[in-house]
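Worksheet for the structure shown next.
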Amino acid sequence: MLRLLFLQIFVLNLAVGVPCSREFSRDDFPPDFVFGSGSSAYQVEGAANEDGRTPSIWDTFAHARKAHGATKDVACDGYHRYKSTYLEVPLSLAGRCATHGEHRPRRLEIFHLIVKTYPKIICSCQGQHKMINTIKLVISGCRRDFTEYAEVCFREFGDRVSFWTTINEPNAFMYRGYDLGFLPPQRCSPPYGYCFRGNSSSKPYLPYIAAHNILLEHASAARLYQKKYQDKQHGLIGLSINMQGFVPLTDTKEDAITTQRAYAFNYGWFLDPLVFGDYPNIMKQNAGARMPVFTDHESKLVKGSFDFIGVIHYINMYVKTYPTV
């Protein structure tokens, strides 16, 4: 069986009023392709000050922005309404599950209840699989902490969880947090100008360092699961990538080359190390000394550290070459 299984989440976000060029059916996808849906802790939970919850990255970010007073302190109130709303159990690293080595017994008890009961409440059909995504957005550079946190989740829930995703959309939040600067930690990289929290102008550029750390954090947690828990729990582990489609705007060779570069800098950035143990050549050629280098040990750690890849797809984009960029 092909190892690279696009298995976790596939979201078709169709714009209202725009007709589809064709209809899709289940037969258009491989038999082992699994569709799913999910949520994330800060987006839905609310209950910001209950049961020992401590502030997460998103709490600090949202309250500091003061965007018309909008926060997720209540959100969808999923913490209280999970019996009727939850499809995926989101866990928050800096929240109720574990923080600085102190595990929250009451929170773990509640998650045990959620993991045990939500499939029965939501769907009466047979064969529904449970998936836990450990991190929606994380500030990179805490590999040991992340691995310890992941082990708490493996140990507490692994006997009831079929699929684990370590990190959700790392390619998306690297761009938005370290290039464009509108998500935490709000750093910018050229040519996007000045950001609220400063620029990522160090060499190598901070986005590349952050992505490098994210890959090592994923691999550390995945290897722990594969070595210590997988044989007993029979689950699978991977991570999820944001995968919008790129289409050349014209039939020119230049736009075709630029499209391949877009794929490399968006997906190859994370998938190539997982499959081959190193970054795409086109990235190394373009970024040069700004790209971190995997040691032999790191390359072996990252390569093959997945059982599946989750695909999260929202939109397609046209790609055009701009010679001056």
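According to mature numbering (1 follows the signal peptide of the UniProt record, and there is no 0), the sequence shown holds residues -17 to -1, 1 to 308 in order. Backbone N, C-alpha and C fix where the C-beta goes; we use that ideal spot for every residue, glycine too. Since the structure is predicted, the reported quantities are computational estimates derived from the model, not experimental observations.
Comparing C-alpha distances from A204 to each of R244, T148, F156, C171 shows the shortest one belongs to T148. Within its own chain, the residues whose Cβ lies closer than 8 Å to the Cβ of V302, once the five positions on either side in sequence are excluded, are F229, V230, P231, L232, D238, T241, T242, A245, listed in chain order. The beta-carbon separation of F289 and I224, rounded to 11 Å, does not stay under the 8 Å limit for a contact. Bounds of any alpha helix (DSSP H) do not take in S223; it lies within the beta strand (DSSP E) bounded by 219 to 225. The segment 142 to 157 and the segment 189 to 197 touch, with three or more beta-carbon pairs separated by less than 8 Å. In terms of Cα proximity to H195, the closest of P167, A47, W252 is W252. Under a 10 Å Cβ-count criterion, V57 is classified as exposed, with fewer than 16 other Cβ atoms of the shown protein chains found around its own Cβ. The straight-line gap separating the alpha-carbon atoms of C171 and F146 is approximately 34 Å. Between C59 and V27, the C-beta gap is smaller than 8 Å, which places the two residues in contact. For M274 and I265, the gap between their C-alpha atoms comes out near 11 Å. According to the DSSP assignment, P231 belongs to no alpha helix (DSSP H) but to the beta strand (DSSP E) extending over 228 to 231. Taking 8 Å as the cut-off, the Cβ atoms of A45 and T54 count as close.
P263 and A133 have their C-alpha atoms some 28 Å from each other. When DSSP states are grouped into helix, strand and coil, N32 belongs to the coil group. DSSP places T130 in the helix class (H, G or I) of the three-state scheme. Distances from the alpha-carbon of K283 to those of D261, W41, R126 put D261 closest. In the displayed model, T235 falls within coil according to three-state DSSP, outside both helix and strand. Excluding sequence positions up to five before and after P167, its CB lies within less than 6 Å of the CB of I40, F44, G160, all in the same chain and listed in chain order. Assignment of beta-bridge partners to V294 by DSSP yields I224. Taken atom to atom, the span from the alpha-carbon of K211 to that of K236 is near 49 Å.
Judged by their CB atoms, V276 and P256 are not nearer to each other than the 8 Å cut-off. Here Y297 is not near Q209, since their CB atoms are 8 Å or more apart.
Less than 8 Å divides the Cβ of T130 from the Cβ of L207.
Around the beta carbon of E33, a 10 Å sphere encloses fewer than 16 other beta carbons of the protein chains shown; the residue is thus reported as exposed. The C-alpha of E152 lies about 23 Å from the C-alpha of N269. Where N154 is concerned, the enclosing alpha helix (DSSP H) starts and stops at 153 to 157.
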